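Trainee: I'd like to ask you about the structure that follows.
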């Protein structure tokens, strides 16, 4: 991460901390926290990890005498996961998708199959493939990691993209 990008992230976190202090806003409907706290939790989790977020917010709350509810690390993890799900979008049903599949991600007892894709006509010419070039086609957690489960998950992605893989 470049220094200017890190500085922007820190400024964004500082602005969010300021907004969290404002008593004028109410919680989001169906949530225990305001949008500003959810935003702060997600931003901090990118910088310091999910587990440290509640402690950092607690330190700032004590330092600035803020009387705010501190989110748990599970709440921050759920917010981050929901943001990830929001990134997933309807994909074009075409047969020219090139996939990059990773099924080595493990979270506790859960295994996660991640499928990124790019259309053949969108492949960059003369430069390396970057994450920004790819589209998230699937993020599928499971407790199993056998060939039948992986095949089922890949079938699911194939049906959403229109690509046949067998």
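Numbering (my numbering), first residue to last: 5 to 170.
Ideal placement from N, C-alpha and C gives every residue a C-beta, glycine not left out.
If you're wondering where the values come from, they're calculated on a predicted model, not measured in any experiment.
Taking CB distances under 8 Å as the criterion, tell me whether residue 166 reaches chain D.
Mentor: Chain labels in this structure do not include chain D; a single protein chain is all it has.
Trainee: From 111, 98 and 117, pick the residue whose C-alpha is nearest to that of residue 105; which is it?
Mentor: Checking every option, the nearest Cα to that of residue 105 belongs to 117.
Trainee: For the alpha helix (DSSP H) that residue 64 lies in, which residues bound it at each end?
Mentor: Where residue 64 is concerned, the enclosing alpha helix (DSSP H) stretches over 57-67.
Trainee: Output needed for residue 49: all residues of its chain with C-beta closer than 6 Å, excluding positions within five of it in sequence on either side, in chain order.
Mentor: Hits under 6 Å: 57, 80 and 84.
Trainee: Would you identify the three-state DSSP class for residue 150, choosing helix, strand or coil?
Mentor: If DSSP states are grouped into helix, strand and coil, residue 150 belongs with coil.
Trainee: For my contact list, residue 147 and residue 113 are in at a C-beta cut-off of 8 Å; report their separation, rounded to the angstrom.
Mentor: The Cβ separation is near 6 Å, so the contact holds.
Trainee: So which of 153, 157 and 126 has the shortest CA-CA distance to residue 141?
Mentor: Looking at the Cα atoms, 157 is the closest of the given residues.
Trainee: Between 161, 152, 97 and 139, which lies nearest to residue 121 when the distance is taken from Cα to Cα?
Mentor: That would be 139, whose Cα lies nearest to the Cα of residue 121.
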